[in-house]
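Enquirer: Residue 762 is where the sequence shown starts when you use the numbering used here, and the numbers rise one by one after that.
Quick one: this structure, given as structure tokens, is what I'll be asking you about.
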Amino acid sequence: MKTSHGVASSLLLRLDSRSPTPLHEQLFEGIRARILAGALAPGLRLPSSRQLATEMVVARSTVLQALDALTAEGYLVARAGSCTRVAPELPILAGDRSREPALPVAARTSLTGERDLGRGPGASRGSRFSTAAQTPGSGARRQGASRGPRLAASVRTLKFTPVGAPRLGAAPRAFRPGVPALDLFPTALWARTVSRVHARASTGLLDGGDPSGHAPLREAIAIHVSVSRGVRCSPEQVFITAGTQQAFDEVLRLALNPGDPVWVEDPGYPGVRRAVLSAGGRPVPIPVDGDGLDVGAGLTRAPRARVALVAPSHQYPVGVTLSLARRMALLQWAERTRSLIIEDDYDSEFRHRGRPLTALQGLDDAGCVVYVGTFSKSMFPGLRLGFLVVPPSLVDVFSASRAAAPASTLEQAALAVFLAEGHFARHLRRMRAAYRERGEALLEALNADCSGFLTPRPCDTGMQVCASLATPLSDLRVRDEAARRGVEVAALSDYFLGRRRESGLIFGFGGVRPEGMRAGTRTLAQALEAARRGRRPSR
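What follows is the structure in structure tokens.
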């Protein structure tokens, strides 16, 4: 298969033209599996795209699609005018892959009749879930009693500030972060779907339904994330939530003992910190750089953290992707320390070019990752529906922890139909094209009007852009100056938990049509100039 010069003469892959899986996806998965298994060594040179197309009897465009996707995810390294090679630095998960993940506390209790009592950060690492979170009675009361003062003290210490500009009325303005393209949502189609489901509602739907979530919706989500995000799961592993924040709260309350350290991205989404504090944990800020969460820094600051909460495919707010080497290192750490990773996948389906990146959960063989998704960003914010995908060994724990359905069962049933009939997939395809157009329009407008003040980062996913601000301008001052003029941006400084290392602005472009970008950036340019001079607009 390989020569003495480090060149793969053949990949020895077979593609099935009768499979419903597209050929480029089969090729992507085949090469990826061989790299992760070590059959294609780091630095190995691959055959040319023409040679591979001939070998597998497919169009060259099919091969190029697969190679581009592998390069985007970091498995391959391609240079213009040169060959394509397997990434030279690719850590492989350590340990025996055949070993079963540890049983959760509830399962160990039922089998042994004994309970390993949690003792805070120094407790036994035999389970990824804390006994204090699951044990009713005095232990739970002690945890709750200590959580209130701890939470209050933590909030005072962290000195939280509101993130983003003041809300200027109900209607979104340029450039409010987090607002999707509501003008393009198929409102009439959604209304007809909801009306049809309501008209045919059964007694079971009206009664409240399964605490784990509406079964057809769980099945539709399992199919969707398996196809679109590379998540490996069955419907039984899917649990419906009332959005991302409830998902964080639910996992953290089960996983943490009071005072347990939790890795959080810095800068990062402030809702993560609030969830950690609310669950009694201690957020440990881990720096984010061009390769995403710095796993090495996490190992130095809190090597025995109970949980790591990350957005690997599209980090918020800076928009970087966690590199493949760091993904593997993060999984290695979680497997070794019996820790849990919560993967926040809030908008990664909106990749502007090529296929969405494979979820971190798709690389997890040890049952370390809980995958969190939401429909508030992909559909509309008023739809407070999200979901968890938990490892198989933890399904019973989550099932036992739920007492009632987390959201309207009728709304869940309508969403299940919307997914099953293909409307959601079509909506995503339309949004990817729209966000690509709007993102490019914003970058063009920023370069035209604000080039002396701002340096935008590349944007290939989602619906926001982060731009570095020229020193010595204060992003907080610029945010406030822009708000006075009717433009909403968020200050990057507000997203830091530790030392603020950079000044910048966060722009949401999802809710702004391309033709409206220049009006917003011209107004922003005035705010930037006013902030530079230290004066306010005349009245």
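By construction, the Cβ of each residue, glycine as well, lies at the ideal position given by its N, Cα and C atoms.
Roughly how many angstroms separate the alpha carbons of residue 1163 and residue 1169, rounded to a whole number?
Expert: Their Cα atoms are separated by approximately 15 Å.
Enquirer: At what residue ranges does the segment 1049-1087 contain a whole run of the beta strand (DSSP E), taking only runs of 3 or more?
Expert: Whole beta strand (DSSP E) segments, 3+ residues: 1068-1071.
Enquirer: Can you list, in chain order, the residues of its chain with a C-beta nearer than 6 Å to that of residue 810? Leave out the 5 residues immediately preceding and following it.
Expert: Contacts found: 821, 824, 825.
Enquirer: So what does DSSP say about residue 819, is it helix, strand or coil?
Expert: Here residue 819 sits in coil by DSSP.
Enquirer: Assess contact between the segment 1195-1208 and the segment 1174-1187, defined as three or more Cβ pairs (one per stretch) separated by less than 8 Å. Is contact present?
Expert: Judged by Cβ distances under 8 Å, the segment 1195-1208 makes no contact with the segment 1174-1187, as fewer than three pairs qualify.
Enquirer: Where does residue 1256 sit, in a helix, a strand or coil, going by DSSP?
Expert: Correct three-state label for residue 1256: helix.
Enquirer: Suppose the cutoff is 6 Å on Cβ atoms and the five residues either side in sequence are ignored; what does the same chain contact list for residue 980 look like?
Expert: The residues are 996.
Enquirer: Does the count of Cβ pairs from the segment 1100-1111 and the segment 1063-1075 closer than 8 Å reach three?
Expert: Contact between the segment 1100-1111 and the segment 1063-1075 is present, because at least three Cβ pairs lie under 8 Å.
Enquirer: Ignoring anything shorter than 3 residues, give me the beta strand (DSSP E) runs that lie fully in the segment 793-840, in order along the chain.
Expert: Whole beta strand (DSSP E) segments, 3+ residues: 837-839.
Enquirer: Enumerated in chain order, which unbroken segments of the beta strand (DSSP E) with a length of 3 residues or greater are wholly contained in the segment 1187-1219?
Expert: Runs found: 1215-1217.
Enquirer: Counting along the chain, where does the alpha helix (DSSP H) carrying residue 977 start and finish?
Expert: Start and end: 976-990.
Enquirer: When burial is assigned at 16 or more other CB atoms within 10 Å of the CB, is residue 1035 buried or exposed?
Expert: Its Cβ being crowded by 16 or more others within 10 Å, residue 1035 is buried.
Enquirer: Identify, in the order they occur along the chain, each residue of the same chain with its Cβ nearer than 8 Å to the Cβ of residue 906, setting aside the five sequence neighbours on each side.
Expert: Because the pLDDT of residue 906 is 38, which lies under 50, any placement of that residue in the model is unreliable, and the number read from its coordinates should be weighed accordingly. Closer than 8 Å at the Cβ level, and outside the excluded window around residue 906, lies no residue.
Enquirer: With DSSP as the reference, label residue 937 as helix, strand or coil.
Expert: Looking at residue 937 - three-state DSSP - the assignment turns out to be coil, as it is neither helix nor strand.
Enquirer: Tell me the residue span of the beta strand (DSSP E) that contains residue 1266.
Expert: 1265-1269 is the span of the beta strand (DSSP E), which, as asked, contains residue 1266.
Enquirer: Please name the residue in 1124, 1171, 1269 whose C-alpha comes closest to that of residue 797.
Expert: Minimum Cα distance to residue 797 is reached at 1124.
Enquirer: Kindly examine the ligand ADP and report whether one of its heavy atoms sits closer than 8 Å to the Cβ of residue 799.
Expert: With respect to the ligand ADP, the structure shown offers nothing to examine, as it has no ligands at all.
Enquirer: Pick from 833, 1053, 1088, 1113: whose alpha carbon is nearest that of residue 1189?
Expert: Residue 1113 is the option with its Cα nearest to residue 1189.
Enquirer: Does residue 1286 pass the burial test, meaning 16 or more other C-beta atoms within 10 Å, or should it be called exposed?
Expert: Label assigned to residue 1286: buried.
Enquirer: Under 9 Å between the Cβ atoms of residue 1176 and residue 1136?
Expert: For residue 1176 and residue 1136, yes; Cβs fall inside 9 Å.
Enquirer: What's the C-alpha gap between residue 1134 and residue 805?
Expert: The alpha-carbon atoms of residue 1134 and residue 805 are separated by roughly 36 Å.
Enquirer: Spatial neighbours of residue 1223 within its chain, please: C-beta separation below 6 Å, excluding the five flanking residues on both sides.
Expert: Closer than 6 Å at the Cβ level, and outside the excluded window around residue 1223, lie 1075, 1108, 1111.
Enquirer: Assuming residue 1211 contacts residue 1146 (C-beta within less than 8 Å), just tell me the rounded distance between them.
Expert: With a Cβ gap of about 37 Å, residue 1211 and residue 1146 do not count as contacting.
Enquirer: Apart from the five residues just before and just after residue 1281, which ones in its own chain have a Cβ nearer than 7 Å to its Cβ?
Expert: Counting only Cβ-Cβ distances below 7 Å, and skipping sequence neighbours, we find 935, 936, 1248, 1273.
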